[in-house]
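S.K.:
2 protein chains.
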Amino acid sequence: MYNFQFKNPTKILFGKGQIANLPKELSKDQKILLLYGGGSIKKNGVYTQVMQALSDYDITEFGGIEANPRYETCLKAIELIKQKKLTFILAVGGGSVIDATKFIAAGAEMSEDPWKIITEGLPVKKALPIGSVLTLSATGSEMNSFAVITKEATQEKLSFGSAKVYPQFSILDPETTFSLPKRQIANGIVDAFSHVMEQYMTYPVNAPLQDRFAEGILLTLIEEGPKTLANPEDYDSRANMMWACTMALNGLIGVGVPQDWATHGIGHELTALFEIDHARTLAVVMPGLLTHKSEQKKEKLLQYASRIWNLNEGNDEERIQNAIKRTVEFFESLEVKTKLADYDVRPEAISEIANRLDKRLGNVGLGEHRDIKKQDITKILEHAL
Amino acid sequence: MYNFQFKNPTKILFGKGQIANLPKELSKDQKILLLYGGGSIKKNGVYTQVMQALSDYDITEFGGIEANPRYETCLKAIELIKQKKLTFILAVGGGSVIDATKFIAAGAEMSEDPWKIITEGLPVKKALPIGSVLTLSATGSEMNSFAVITKEATQEKLSFGSAKVYPQFSILDPETTFSLPKRQIANGIVDAFSHVMEQYMTYPVNAPLQDRFAEGILLTLIEEGPKTLANPEDYDSRANMMWACTMALNGLIGVGVPQDWATHGIGHELTALFEIDHARTLAVVMPGLLTHKSEQKKEKLLQYASRIWNLNEGNDEERIQNAIKRTVEFFESLEVKTKLADYDVRPEAISEIANRLDKRLGNVGLGEHRDIKKQDITKILEHAL
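Here the protein sequences line up with chains A and B, keeping their order.
Each residue of the first sequence is one higher than the one before, counting from 68 in this note's numbering.
Each residue of the second sequence is one higher than the one before, counting from 68 in this note's numbering.
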């Protein structure tokens with residue numbers, strides 16, 4: 068196991084009716100910006116629950132955060148905060164709204180262009196305190212310090228992280244997610260599955276507990292995912308899926324082990340260029356990555372084959388191929404397609420993606436060995452033809 | 068899954084050489100009480116590492132915290148803190164030193180007798196900030212808000228918990244534990260094993276992720292425990308055991324599930340009356356508890372039999388009996404004895420223990436159903452004859 072440091076200060080309030088506890092988490096003098104997305108919270112009762120809980124508070128609303136939150140939209144929220152001297156941001160939504168909240172919280176305390184946090188690595192020295200009411204499980208943003216922001220003007224989708232933007236609290240009530248479209252639930256399962264794989268599917272460093280935690284989340288997603296899609300209002304399976312998604316990316320399973328975020332790296336380009344749902348890009352990229360890097364990832368792929376898919380027959384190569392096949396079948400069973408053609412991306416686009424990403428990466432490639440460059444990206448995507 | 072709230076703000080610094088990072092965790096103006104136990108840290112190099120890292124700090128030492136930390140000793144440390152106006156307590160030791168640190172941190176900010184926190188449930192309104200350098204893995208105290216204190220005068224061993232006494236940081240360097248006696252390492256493995264069982268071995272509430280995390284820790288302890296006992300300086304196995312012990316009781320695996328702390332409850336009496344090592348009392352009590360409550364715990368015992376001990380043959384009763392047998396064999400393989408006679412406790416002591424505990428418990432029994440009372444305690448201990 069490698070040396071590591073770990074701290075995650077976010078308080079989780081999990082379960083039915085937890086929105087009513089909002090006032091216990093917020094001091095009375097907070098001037099709150101209520102940030103949300105396309106307005107579904109006004110249809111599914113979440114907005115009403117939040118407003119009832121916060122009836123004694125000074126609240127300003129800002130809606131319209133996009134599915135891949137735009138830098139340009141965040142700037143408007145920052146302006147509003149500065150103008151009205153707001154002191155706390157409450158995100159009510161999914162990962163996109165929470166990601167935007169983190170960027171806005173940091174930007175509200177800066178005089179410079181906050182995009183510099185992302186592109187120039189400007190440190191986040193201060194950020195407004197934030198909290199969240201999660202209404203869509205997927206990204207883990209409710210219990211981590213990361214955010215992904217898209218700049219419309221340049222079609223860039225990029226991430227940043229800072230300990231200053233951990234939510235102080237996050238409320239996870241599975242019932243708030245009952246009315247979500249199946250497509251979004253399926254996306255969440257695939258996104259979380261990918262988060263686990265990116266912290267697990269590398270090479271062994273003798274960290275059996277981290278491996279077992281990762282495998283525990285994968286198995287939970289595989290078992291509970293189809294159940295919650297089939298019965299959206301089955302509280303238990305939705306709750307189990309929700310907790311698994313949070314644990315998939317709150318830092319815990321990644322301590323002391325190598326990580327490979329190539330799937331997200333390549334996937335972000337597909338979203339930036341073609342507006343494909345984030346999770347669907349991961350389902351397109353991951354099988355190709357596992358195939359292309361099967362030699363480097365051999366030991367962990369065999370462990371994955373055995374512990375996740377119970378594949379203990381046949382030679383190593385067969386077991387690995389079958390494990391990748393089972394992964395693809397799992398995604399497809401959730402109606403998440405895994406081929407570029409499924410999203411109308413033509414083969415010629417592959418070189419554009421590879422060129423764009425390679426240019427941005429410079430000398431440091433993707434993957435746990437930092438060796439995934441233009442040619443590899445091309446090959447990985449060709450597996451999705 | 069039950070509703071839950073979870074927050075654990077402790078920062079973990081894990082791995083070789085992390086003691087050198089102490090100054091990054093402490094502001095320069097802290098007046099530090101360095102709390103330790105019997106002085107082994109002055110023999111194994113840990114004291115030297117800590118003092119070198121803190122050469123620029125104002126440090127007062129207080130040694131002599133006992134294996135089951137005494138209330139009476141803690142009072143002396145509280146006096147010293149008040150007299151010298153110390154502002155931070157750094158625990159350097161195992162669970163006992165860290166537990167004492169928590170009690171002292173709370174007591175130093177009170178005008179009343181701090182024993183009232185334990186016996187009268189007086190809330191901890193304020194506590195001095197604390198940190199730890201862990202030198203013995205077992206209790207998980209380095210990443211939780213609980214402490215167990217023994218009052219010499221009344222032979223009482225009792226616990227308290229408060230969010231105010233989470234360590235701000237804990238340094239876990241496996242190398243600092245290489246020189247420990249095998250007996251203490253074995254005790255740590257059994258203590259952590261018991262912590263997991265007490266959050267896992269109850270009844271199912273459809274919380275598969277918590278189950279798998281718990282099982283992941285149990286399997287890690289079973290696999291890595293014997294390795295680290297056989298090769299005390301094998302860094303990886305010691306590191307894996309250390310991380311497993313911390314994760315066993317930092318709150319995570321217990322979220323949203325019923326818990327049964329009867330083993331610890333009964334075990335504490337054995338320590339208070341007969342000075343038996345804490346972990347060894349758990350090894351004495353747990354098999355009897357599992358046997359006596361095998362009907363109530365049937366479903367989880369069968370899951371445990373299958374997933375932990377790979378016992379899938381035979382009828383339910385046989386599988387449960389075998390799982391308990393394997394548990395006992397595991398403890399014994401670590402040279403942790405499981406019978407009262409092994410510790411020179413005579414059969415007549417059982418009724419004394421049952422009476423004492425029953426009297427303290429009043430109307431509320433032990434266990435996940437709060438139904439373990441005098442007669443049950445007697446039966447559980449009779450299994451250890």
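All residues carry an ideal CB built from backbone N, CA and C; glycine is no exception.
Let me know the secondary structure DSSP gives residue 446 of chain B once reduced to three states.
M.R.: Counting from 1 along the second sequence, the entry for residue 446 of chain B is found at position 379. Residue 446 of chain B: helix per DSSP, three-state reduction.
S.K.: By the DSSP assignment, the alpha helix (DSSP H) with residue 89 of chain A in it spans what residues?
M.R.: The residue labelled residue 89 of chain A in the question sits at position 22 within the first sequence. Segment 89-92, the alpha helix (DSSP H) holding residue 89 of chain A.
S.K.: DSSP beta-bridge partners for residue 61 of chain A?
M.R.: Outside the displayed range of chain A (68 to 452) lies residue 61 of chain A, so it cannot be described from this structure.
S.K.: How about residue 120 of chain A and residue 89 of chain A: do their beta carbons lie closer than 7 Å?
M.R.: Working through the first sequence from its first residue, we reach residue 120 of chain A at position 53. Working through the first sequence from its first residue, we reach residue 89 of chain A at position 22. Yes, Cβ-Cβ distance for residue 120 of chain A and residue 89 of chain A is below 7 Å.
S.K.: Near residue 162 of chain A, which residues of its chain fall below 6 Å by C-beta distance, leaving aside the five closest residues on each side in sequence?
M.R.: Translated into positions along the first sequence, residue 162 of chain A becomes position 95. Answer for residue 162 of chain A: 205, 206, 208, listed in chain order.
S.K.: To the nearest angstrom, how far is the alpha carbon of residue 426 of chain B from that of residue 441 of chain B?
M.R.: Mapped onto the second sequence, residue 426 of chain B falls at position 359. Mapped onto the second sequence, residue 441 of chain B falls at position 374. Going by the C-alpha atoms only, they are around 9 Å apart.
S.K.: When the Cα of residue 74 of chain A is compared with those of B:184, B:268, B:79, which residue comes out closest?
M.R.: Here residue 74 of chain A refers to the residue found at position 7 when the first sequence is read from its first residue. The residue with the shortest Cα to Cα distance from residue 74 of chain A is B:79.
S.K.: Can you tell me whether DSSP reads residue 237 of chain A as helix, strand or coil?
M.R.: Taking the first sequence and counting its residues from 1, one reaches residue 237 of chain A at position 170. Note: residue 237 of chain A maps to strand in three-state DSSP.
S.K.: Using a Cβ-Cβ distance cut-off of 7 Å, determine whether residue 120 of chain B contacts chain E.
M.R.: Protein chains A and B are contained in the structure displayed, whereas chain E is not.
S.K.: Return yes when the Cβ of residue 132 of chain A is within less than 7 Å of the Cβ of residue 106 of chain A, no when it is not.
M.R.: The sequence position of residue 106 of chain A within the first sequence is 39, counting from 1. The sequence position of residue 132 of chain A within the first sequence is 65, counting from 1. Against a cut-off of 7 Å, the Cβ pair of residue 132 of chain A and residue 106 of chain A comes out as no contact.
S.K.: Along the beta strand (DSSP E) that carries residue 159 of chain B, what are the first and last residues, could you check?
M.R.: If you number the second sequence from 1, residue 159 of chain B lands on position 92. Looking at the DSSP string, the run of the beta strand (DSSP E) that includes residue 159 of chain B is 155-160.
S.K.: Are the beta-carbon atoms of residue 410 of chain B and residue 333 of chain B separated by less than 7 Å?
M.R.: Counting from one through the second sequence, the residue named residue 410 of chain B turns up at place 343. Counting from one through the second sequence, the residue named residue 333 of chain B turns up at place 266. Result no, Cβ atoms of residue 410 of chain B and residue 333 of chain B do not sit closer than 7 Å.
S.K.: Chain A partners of residue 268 of chain B, CB-CB under 8 Å?
M.R.: Locating residue 268 of chain B in the second sequence gives position 201, where the first residue counts as 1. None at all; the shortest Cβ gap to chain A is about 17 Å.
S.K.: Just tell me which of A:118, A:68, A:216, A:349 has its CA closest to the CA of residue 239 of chain B.
M.R.: Translated into the one-based positions of the second sequence, residue 239 of chain B becomes position 172. Cα-wise, what sits closest to residue 239 of chain B is A:68.
S.K.: Would you tell me roughly how many angstroms separate the C-alpha atoms of residue 309 of chain B and residue 280 of chain A, rounded to the nearest one?
M.R.: Numbered from 1 along the second sequence, position 242 holds the residue referred to as residue 309 of chain B. Numbered from 1 along the first sequence, position 213 holds the residue referred to as residue 280 of chain A. If you take the alpha carbons of residue 309 of chain B and residue 280 of chain A, they lie about 16 Å apart.
S.K.: Please report whether the beta-carbon of residue 287 of chain A lies at a distance below 7 Å from any beta-carbon of chain B.
M.R.: By 1-based counting over the first sequence, the position of residue 287 of chain A is 220. Closer than 7 Å: yes.
S.K.: Going by DSSP in three states, residue 287 of chain A sits in which element: helix, strand or coil?
M.R.: Translated into the one-based positions of the first sequence, residue 287 of chain A becomes position 220. If DSSP states are grouped into helix, strand and coil, residue 287 of chain A belongs with the helices.
S.K.: Indicate the three-state DSSP secondary structure (helix, strand or coil) for residue 198 of chain B in the structure shown.
M.R.: Here residue 198 of chain B refers to the residue found at position 131 when the second sequence is read from its first residue. Here residue 198 of chain B sits in strand by DSSP.
S.K.: Which residues in the same chain as residue 176 of chain B place their Cβ atom closer than 7 Å to its Cβ, once the five residues preceding and following it in sequence are excluded?
M.R.: Looking up residue 176 of chain B in the second sequence gives position 109. Within the same chain, residue 176 of chain B has close Cβ partners 193, 194, 195.
S.K.: Would residue 320 of chain A and residue 266 of chain A qualify as a contact pair, given that the criterion is a beta-carbon distance under 7 Å?
M.R.: For the purposes of this step, residue 320 of chain A is taken as residue 253 along the first sequence, with counting starting at 1. For the purposes of this step, residue 266 of chain A is taken as residue 199 along the first sequence, with counting starting at 1. Closer than 7 Å, so yes.
S.K.: Does the beta-carbon of residue 115 of chain B have 16 or more other beta-carbons within 10 angstroms, so that it is buried, or is it exposed?
M.R.: Taking the first residue of the second sequence as position 1, residue 115 of chain B is located at position 48. Exposed, since its Cβ has fewer than 16 Cβ neighbours within 10 Å.
S.K.: Consult DSSP for residue 422 of chain A and reduce its assignment to one of helix, strand or coil.
M.R.: Residue numbering aside, residue 422 of chain A sits at position 355 when the first sequence is read from its first letter. Correct three-state label for residue 422 of chain A: helix.
S.K.: According to the Cβ coordinates, are residue 180 of chain B and residue 136 of chain B closer than 7 Å?
M.R.: As a working mapping, residue 180 of chain B is identified with position 113 in the second sequence. As a working mapping, residue 136 of chain B is identified with position 69 in the second sequence. Not closer than 7 Å, so no.
S.K.: With C-beta atoms as the reference, is residue 257 of chain A less than 7 Å away from residue 316 of chain A?
M.R.: Taking the first sequence and counting its residues from 1, one reaches residue 257 of chain A at position 190. Taking the first sequence and counting its residues from 1, one reaches residue 316 of chain A at position 249. No. Outside cutoff.
S.K.: Are the C-beta of residue 279 of chain A and some C-beta of chain B separated by less than 7 Å?
M.R.: Position 212 of the first sequence, counted from the first residue, corresponds to residue 279 of chain A. Closer than 7 Å: yes.
S.K.: On the premise that residue 447 of chain B lies in contact with residue 340 of chain B, defined as a C-beta separation below 8 Å, what is that separation, rounded to the nearest angstrom?
M.R.: Taking the first residue of the second sequence as 1, we reach residue 340 of chain B at position 273. Taking the first residue of the second sequence as 1, we reach residue 447 of chain B at position 380. Their Cβ separation, rounded to whole angstroms, is 16 Å, which puts residue 340 of chain B and residue 447 of chain B out of contact at 8 Å.
S.K.: For a quick check, are the C-beta atoms of residue 76 of chain B and residue 76 of chain A less than 7 Å apart?
M.R.: Here residue 76 of chain B refers to the residue found at position 9 of the second sequence. Here residue 76 of chain A refers to the residue found at position 9 of the first sequence. Their beta carbons are under 7 Å apart, which means residue 76 of chain B touches residue 76 of chain A by this criterion.
S.K.: Contact criterion: CB-CB distance below 7 Å. Does residue 79 of chain A meet it with respect to chain B?
M.R.: Within the first sequence, numbered from 1, the residue matching residue 79 of chain A stands at position 12. Yes, its Cβ sits closer than 7 Å to a Cβ of chain B.
S.K.: Who are the Cβ neighbours of residue 141 of chain B in its own chain at under 6 Å, not counting the five residues just before and after it?
M.R.: Residue 141 of chain B sits at position 74 when you count from the first residue of the second sequence. Taken in chain order, the residues that qualify are 167, 170, 171.
S.K.: Can you tell which of A:232, A:93, A:134 has its C-alpha closest to the C-alpha of residue 219 of chain A?
M.R.: As a working note, residue 219 of chain A is residue 152 in the first sequence. Among A:232, A:93, A:134, the Cα nearest to that of residue 219 of chain A is on A:134.
S.K.: Using C-beta distances below 8 Å, list every residue in its chain close to residue 284 of chain B, excluding the 5 sequence neighbours before and after it, in chain order.
M.R.: The residue labelled residue 284 of chain B in the question sits at position 217 within the second sequence. Contacts found: 259, 263, 311, 314, 315, 320.
S.K.: Per DSSP, what kind of secondary structure is residue 167 of chain A in: helix, strand or coil?
M.R.: Translated into positions along the first sequence, residue 167 of chain A becomes position 100. DSSP places residue 167 of chain A in helix when its eight states are reduced to three.
S.K.: Note down, in chain order, each residue of its chain lying with its Cβ closer than 7 Å to the Cβ of residue 83 of chain B, except the 5 sequence neighbours on either side.
M.R.: As a position in the second sequence, residue 83 of chain B is number 16, starting the count at 1. If we look at residue 83 of chain B and ignore the five residues flanking it on each side, its Cβ neighbours are 240, 242.
S.K.: Indicate the three-state DSSP secondary structure (helix, strand or coil) for residue 73 of chain B in the structure shown.
M.R.: Along the second sequence, read from residue 1 onward, the residue named residue 73 of chain B stands at position 6. Residue state, collapsed to three classes: strand.
S.K.: Sorry if obvious, but does the Cβ on residue 331 of chain B come closer than 6 Å to a heavy atom of the ligand FMN?
M.R.: Because no ligand of any kind appears in the structure shown, any question about the ligand FMN cannot be addressed here.
S.K.: For residue 325 of chain B, which option in B:214, B:203, B:367, B:159 has the closest C-alpha, if you only look at C-alpha atoms?
M.R.: Taking the first residue of the second sequence as position 1, residue 325 of chain B is located at position 258. The residue with the shortest Cα to Cα distance from residue 325 of chain B is B:367.
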